Structure formats: C-alpha cells, structure tokens
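Working notes for the structure below.
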Amino acid sequence: MTKFQKHEFDDIVQNIINLKEYNNLKKEIHHGISRYDHSMHVARCSYKLCKVFKIDYKEATRSALLHDFFTNSEVKDYNAIKRYRIHPQIALNHSSKYFNLTEKEKDAILTHMFPWTLTIPKYKESWIVSLADKIVSIKEGCNSKLFMPLTTLFLFIINIISIQK
Ligand SMILES: [Fe+2]
Ligand SMILES: [Fe+2]
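Sequential numbering from 9 applies to the sequence shown in our numbering.
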C-alpha cells in the first residue's frame with residue numbers, strides 16, 4: 009500500500025475499529041490468529057483488489073472488516089459445517105446493530121461464505137470480499153479438509169460467470 013492508500017484505508021476502518029464490541033474480536037481465535045487480525049487482513053486484501061478492479065473499495069473494505077463479527081461462544085454448539093453456514097447471519101446482525109449498512113455491505117457480509125452457503129453474492133464487491141476471505145484464509149493456513157476442494161469449486165464458478173459475460 010502507498011502512504012496515501014494506508015491513510016485512506018485507516019480512514020475507512022476507523023469508526024469500526026474504535027467500537028468497543030468490535031475490539032472483543034482481538035480475544036477470539038480464528039485460523040490460529042485473532043479474528044480481529046484476520047478481518048483486518050481480509051479488509052486490506054479487499055481494498056487492494058477493489059482498487060485494481062476500480063470498484064467500490066469503501067463498501068468492500070467495511071464489509072470485509074465486518075464479515076466475521078461474531079464470537080466463538082455464539083457458535084460453540086454447532087459443528088464446523090453449520091458454523092460456516094450460520095456465522096454470516098450472526099455477523100450481519102451484529103454489524104447492523106452498530107452501523108448503518110448499505111445493501112451492498114449487507115450482501116457482502118451475508119454471502120462471504122459462498123459456496124458453503126447457497127447465498128450467491130449479488131455485487132462485484134461481495135465477490136471480492138468472498139474471494140479475499142479465501143485468499144487470506146489459505147495464507148493463514150486454514151486446515152479444514154473441505155477448504156481446498158470448495159475453494160477450487162468457488163474459483164471454477166467465478167470463471168464460468170466471467171466467461172458468460
Ligand atoms: Fe467467515
Ligand atoms: Fe473470514
């Protein structure tokens with residue numbers, strides 16, 4: 009990131025990372041690091057990808073930061089697959105409680121686990137957040153056995169969609 013981009017990124021994320029409840033994510037373990045750090049990585053990755061594709065980097069960055077806004081205690085009674093499916097809705101509920109979200113931001117949070125969830129992203133920014141989450145999770149060493157095959161399927165679907173345009 010350039011100095012200008014870092015400044016711009018900090019401006020976009022500021023009101024979210026200043027929220028006390030959001031800072032609780034620093035205590036939540038996610039892919040071996042804190043969920044706060046994971047979300048920041050996804051937000052940075054989304055910001056950069058949106059800059060490359062010249063699409064709405066603000067909404068993508070905000071929703072990337074909010075995409076996993078949930079605590080482990082809220083999903084502790086579910087198995088891994090169910091957790092994959094249910095946490096986007098929990099994250100959206102928390103995010104809507106504290107912030108005014110646009111339709112695009114709501115969609116990006118709710119659909120970021122596609123194709124685990126059958127909610128297909130409606131906007132380019134939602135696809136970016138979902139893709140950034142997978143890129144970052146691979147980098148962070150996500151060890152789910154289902155991860156690689158489903159990521160492959162995800163990329164395959166993106167390819168099919170882009171060919172059809
Ligand atoms: Fe997630
Ligand atoms: Fe995530």
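The C-beta atom is built at its ideal place from N, Cα and C for all residues, glycine as well. Note that the structure is predicted; figures quoted are calculated from it, not measured.
So the alpha helix (DSSP H) residue i belongs to, where does it begin and stop?
i, result
"M9", "Note, M9: premise wrong, no alpha helix (DSSP H); not H, not E."
Where does residue i sit, in a helix, a strand or coil, going by DSSP?
i, result
"H15", "helix"
"H95", "helix"
"I89", "helix"
"H49", "helix"
"H38", "strand"
"T110", "coil"
"L33", "helix"
"I20", "helix"
"I117", "helix"
Nearest by alpha-carbon distance to residue i: which of the options is it?
i, options, result
"L161", "L139, T79 and V144", "L139"
"V21", "H39, K35, V50 and S42", "V50"
"I146", "H39, H15, Y55 and M9", "H39"
"Q13", "Y44, N26 and Y55", "Y55"
"N31", "I63, E16 and M48", "M48"
"T110", "D85, K66, T79 and K84", "K66"
"D64", "E148, I165, Y131 and G149", "Y131"
"G149", "H46, E16 and L33", "H46"
"K84", "V60, I37 and N108", "I37"
Which residues in the same chain as residue i place their Cβ atom closer than 6 Å to its Cβ, once the five residues preceding and following it in sequence are excluded?
i, result
"S71", "E113, A116, I117 and V137"
"F77", "A99, H102 and S103"
"N87", "none"
"A68", "S54, C58, E133, I136 and V137"
In chain order, what residues of the same chain lie with their CB nearer than 8 Å to the CB of residue i, ignoring the 5 residues before and after it?
i, result
"E29", "H102 and Y106"
"P96", "H75, I117, L118, T119, H120, M121, T125 and T127"
"K183", "The first residue shown for the chain is 9 and the last is 173, placing residue 183 beyond what the model contains."
I'd like the list of long-range same chain contacts for residue i, defined as Cβ closer than 7 Å, with 5 residues on each side in sequence excluded.
i, result
"C53", "A140, I143 and V144"
Please give me, in chain order, every unbroken run of the alpha helix (DSSP H) with length at least 4 that falls completely inside the region 124-150. Within the region 124-150, the complete alpha helix (DSSP H) segments at least 4 residues long are 132-147, listed from N- to C-terminus.
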